[in-house]
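In full-length UniProt numbering, the protein residues as written are 1 to 283.
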């Protein structure tokens, strides 16, 4: 996972690197690696900086399965250059949807009134305290947790569409390590997995823990699932490195103190392997 921040006028650019992986217990971890300067904000400069950061931690680009980033052109070219799959940041995609939705006439009118009211409140501090109750981020988090605990009215039945099946089968066939496994065994696992979903829904909420329980029944699919589910949904962790009010230069310039080589040796002793940082040939 990587993202950057820069100022063209001042001629400086920073890029951060995070590593997400799944351990032998199917628990997902996200580690901050480092934040370095980039000489040129293109795929070559970013690639050099990211590779240097990974080398300090005993990792290579070839050890990673996917690259999580937004839709910036240099990051797209970076993934193409290293022939690594790129996962588009969900927050960035949602932002594009919201921007497109905001262009509609009804929403634009509401936004115009809201901006006018916001300007009024900024000039009249007394009205601000009357209309807006003080709130902290802790209160916002509590509201989100409260909303998450509300039971759903009902679960939608699983729909088996040919498009989703085709896309999943295509993903399985396109993996680089697919040639080293028995095609018949993998197809048999797919048939058993689809039959399991058709009979009853999994009782385990956490998808990773579901695959941990089903590791003996679907050994091939478990390796693919760990790789897919290890990837975060967004690159927000890298985005937070560049919040102006919290950017600490001393902490940002420190390299990671996490011993990846020692962690890799421990994982080799165990049954599982890192989903994101492991070599795909070992799956």
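Note that the Cβ used here is the ideal one computed from N, Cα and C, for glycine as well. On a predicted model such as this, the values are computed, not experimentally measured, just so you know.
- Per the DSSP secondary-structure output, residue 105 pairs with nothing in a beta bridge.
- In the structure shown, the three-state DSSP call for residue 1 is coil.
- The Cβ neighbour count for residue 116, taken over all protein chains shown within 10 Å, is under 16; the residue is labelled exposed.
- Taking a cut-off of 8 Å on C-beta distances, the segment 224-238 touches the segment 77-97, as three or more cross pairs fall below it.
- Residue 25 has its alpha-carbon roughly 7 Å from the corresponding atom of residue 212.
- In this structure residue 16 is buried. Its beta-carbon is surrounded by 16 or more other beta-carbon atoms within 10 angstroms.
- Boundaries for residue 86: no alpha helix (DSSP H) harbours it, while the beta strand (DSSP E) harbouring it runs 85-88, taken from the DSSP string.
- In terms of CA proximity to residue 69, 85 leads the group 58, 85 and 63.
- Rounded to whole angstroms, the Cβ separation of residue 229 and residue 207 is 6 Å, and the two are in contact under 8 Å.
- Judged by their CB atoms, residue 20 and residue 28 are nearer to each other than the 9 Å cut-off.
- The beta strand (DSSP E) runs lying completely inside the segment 5-49 and spanning 3 residues or more are 12-22 and 28-37, given in chain order.
- Burial state of residue 223 is buried, judged by a 10 Å Cβ sphere holding 16 or more other Cβ atoms.
- Counting only residues of its own chain and dropping the five nearest sequence neighbours on each side, residue 107 has a CB closer than 7 Å to the CB of 101.
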